[in-house]
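K.L.:
One structure, as structure tokens, below. Some questions next.
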Amino acid sequence: MKKKYTHLVKPFLVQNPPAGLYPEPRMWMEGKDLEGFNAHFSYGFIKEPCVCHPQEGALLHPYDECLVFAGTKHTDIFYLGAEIAVELGEEREEHVITEPSVVIIPKGLPHGPVTIRKVDRPIVHYSVGLAPDYKAEALPKDSLPPKSAGTRYKHLIKKLGILEDLFITDQDGKRVQKKMGPGNADQIAWLFGKDLEGLEVNFSWGFYTQCGKWHRDGEAHTHPEEEILVFAGLDPDNLKYLGSEIEIALGYEYERHVFNTPTVVICPQGFPHNPVVTRWVDAPYSFIVCCLSGEHDSPWVEVPEE
Numbered sequence: 001m002k003k004k005y006t007h008l009v010k011p012f013l014v015q016n017p018p019a020g021l022y023p024e025p026r027m028w029m030e031g032k033d034l035e036g037f038n039a040h041f042s043y044g045f046i047k048e049p050c051v052c053h054p055q056e057g058a059l060l061h062p063y064d065e066c067l068v069f070a071g072t073k074h075t076d077i078f079y080l081g082a083e084i085a086v087e088l089g090e091e092r093e094e095h096v097i098t099e100p101s102v103v104i105i106p107k108g109l110p111h112g113p114v115t116i117r118k119v120d121r122p123i124v125h126y127s128v129g130l131a132p133d134y135k136a137e138a139l140p141k142d143s144l145p146p147k148s149a150g151t152r153y154k155h156l157i158k159k160l161g162i163l164e165d166l167f168i169t170d171q172d173g174k175r176v177q178k179k180m181g182p183g184n185a186d187q188i189a190w191l192f193g194k195d196l197e198g199l200e201v202n203f204s205w206g207f208y209t210q211c212g213k214w215h216r217d218g219e220a221h222t223h224p225e226e227e228i229l230v231f232a233g234l235d236p237d238n239l240k241y242l243g244s245e246i247e248i249a250l251g252y253e254y255e256r257h258v259f260n261t262p263t264v265v266i267c268p269q270g271f272p273h274n275p276v277v278t279r280w281v282d283a284p285y286s287f288i289v290c291c292l293s294g295e296h297d298s299p300w301v302e303v304p305e306e
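Using this note's numbering, the first residue of the sequence shown is number 1, and each one after it goes up by one.
This is the structure in structure tokens:
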């Protein structure tokens, strides 16, 4: 039977990124690949020291951007396992990252390259550009001044923060993470506009290993802004391996979609989606929400009975 919302469920598009940006293919999807989503998104792994974004010189974009660096140790969301240097501004002010972090790139700010100095364990690097198409002005290496030290751009480096709403104090007085549903995250970080220098975006990073329904509070919810849901694997040698099977319901019709490869689900403004159910898990996987608002309003809605 033909389904109404199949066009909103997209397998990862793994391809070469724009020339000179990264040394190897990665998941790279722009608005044209995401049903007109007003941002572009990439996801990949870094397994050894390298230079990227760009591989030489520097860049500036006519839109805001976030570069996320996270670990792959699914039992410890605070572990990065790498040392990364990123250059920001016309001064080429260098900042060193050793914890899971987001680098905020305001539009028009020269940045790069990103130098991966050390890798103890493969890391995830994903990016969100707040425009449907990738655009960049390349600044040649010979036009740039020497690198510098300083703190002018320090505020643009943010640590991935745990979502405080997921924590409660147990009967022994210990701070523990509550589960919204048996299939939801083992550990999750989430940053909002207030954490991202006022950008109109919020996004998450989480590790998932369990089967079951993700939410207890309701069936479907909506958002006043558009959103993508990114289901990604953690195998650094295979971007097309998810390691689990996911079921999600879309629309007021409660139309069910099932997939077991890395996938992006597109949720237009006001579009009902959920519940999400993890049907089986062979390997830990990751999940990223990317919503084009500084906040994450998620009212539950009633789905008409069949």
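Beta carbons: idealized from backbone N, C-alpha and C, even for Gly.
Check this for me: beta carbons of S298 and A232, under 8 Å apart or not?
P.N.:
no
K.L.:
Please return the same chain residues whose Cβ sits closer than 8 Å to the Cβ of E315, not counting the five positions on each side in sequence.
P.N.:
The structure shown does not extend to residue 315, since the chain is modelled only from 1 to 306, so the question has no answer here.
K.L.:
Can you tell me which of the three DSSP states T278 falls into?
P.N.:
strand
K.L.:
Return yes when the Cβ of F259 is within less than 8 Å of the Cβ of V68, no when it is not.
P.N.:
no
K.L.:
Considering only the beta carbon of each residue, do G183 and K154 sit closer than 8 Å?
P.N.:
Not in contact: G183 and K154 (Cβ atoms no closer than 8 Å).
K.L.:
Run through DSSP, which three-state label would T98 get?
P.N.:
coil
K.L.:
How far does the beta strand (DSSP E) with C211 in it reach, from first residue to last?
P.N.:
From DSSP, C211 is part of no beta strand (DSSP E); its letter is neither H nor E.
K.L.:
Does the distance between the C-beta of Y254 and the nearest non-hydrogen atom of the ligand ADP fall short of 7 Å?
P.N.:
In the structure on display, the ligand ADP does not appear, and there are no ligands present to speak of.
K.L.:
By the 10 Å Cβ neighbour count, where 16 or more other Cβ atoms means buried, how is E197 classified, buried or exposed?
P.N.:
exposed
K.L.:
So M29 and P262 are in contact, right, with Cβ under 8 Å, and what is the actual spacing, rounded?
P.N.:
Their Cβ separation, rounded to whole angstroms, is 11 Å, which puts M29 and P262 out of contact at 8 Å.
K.L.:
Which same chain residues, not among the five before or five after D133, have their C-beta less than 7 Å away from its C-beta?
P.N.:
E30, G31 and H40
K.L.:
Any idea what DSSP makes of K118, helix, strand or coil?
P.N.:
Strand at K118.
K.L.:
Once the 5 residues before and after E245 are set aside, which same chain residues still bring their CB inside 6 Å of it?
P.N.:
N260, R279 and W280
K.L.:
With DSSP as the reference, label H53 as helix, strand or coil.
P.N.:
coil
K.L.:
Taking the Cβ atom as the reference point for each residue, do L60 and G108 lie within a distance shorter than 8 Å?
P.N.:
Yes, they are a contact pair.
K.L.:
Using the Cα positions of P113 and N16, report the straight-line distance between them to the nearest angstrom.
P.N.:
18 Å
K.L.:
What did DSSP end up calling G81 once you bin it into helix, strand or coil?
P.N.:
G81 falls in the coil class under three-state DSSP.
K.L.:
Taking the alpha carbon of R92 as the reference point, which residue from G20, V201 and T115 has its own alpha carbon closest?
P.N.:
T115
K.L.:
Going by alpha carbons, who is nearest to P54 out of S148, L199 and K141?
P.N.:
Nearest C-alpha to P54: K141.
K.L.:
Across which residues does DSSP place V230 in a beta bridge pair?
P.N.:
V264 and I288
K.L.:
With distances taken Cα to Cα, identify the nearest neighbour of P100 among Q210, W190 and E226.
P.N.:
W190
K.L.:
Do Y208 and P272 have their beta-carbon atoms positioned less than 8 Å apart in this structure?
P.N.:
no
K.L.:
For F37 and E226, what's the separation of their Cα atoms in angstroms?
P.N.:
About 7 Å.
K.L.:
At 3 residues or longer, what runs of the beta strand (DSSP E) sit wholly inside the stretch 22 to 46?
P.N.:
26 to 29 and 40 to 46
K.L.:
Starting from G71 and walking both ways along the beta strand (DSSP E), at which residues does that stretch end?
P.N.:
Bounds of the beta strand (DSSP E) holding G71 are E65 to G71.
K.L.:
K47: which of P275, D237 and V276 sits nearest, CA to CA?
P.N.:
D237
K.L.:
I288 and V230 - do their beta-carbons sit closer together than 8 Å?
P.N.:
yes
K.L.:
On the CB-based measure, 16 or more other CB atoms within 10 Å of its CB, does F78 come out buried or exposed?
P.N.:
Exposed: under 16 other Cβ atoms inside 10 Å.
K.L.:
In the DSSP assignment, what are the bridge partners of L323?
P.N.:
Given that the chain is displayed from residue 1 to residue 306, the structure contains no residue 323 and the question cannot be resolved.
K.L.:
Excluding the 5 residues preceding and the 5 following E255 in the sequence, name in chain order all residues of the same chain whose CB lies nearer than 7 Å to its CB.
P.N.:
K3, K4, Y5 and A249
K.L.:
Any idea which residues DSSP pairs K158 with across the strands?
P.N.:
V102
K.L.:
Please confirm whether A70 and V103 have their CB atoms less than 8 Å apart.
P.N.:
no
K.L.:
List the endpoints of the continuous beta strand (DSSP E) containing L60.
P.N.:
In this chain, the beta strand (DSSP E) harbouring L60 covers A58 to L60.
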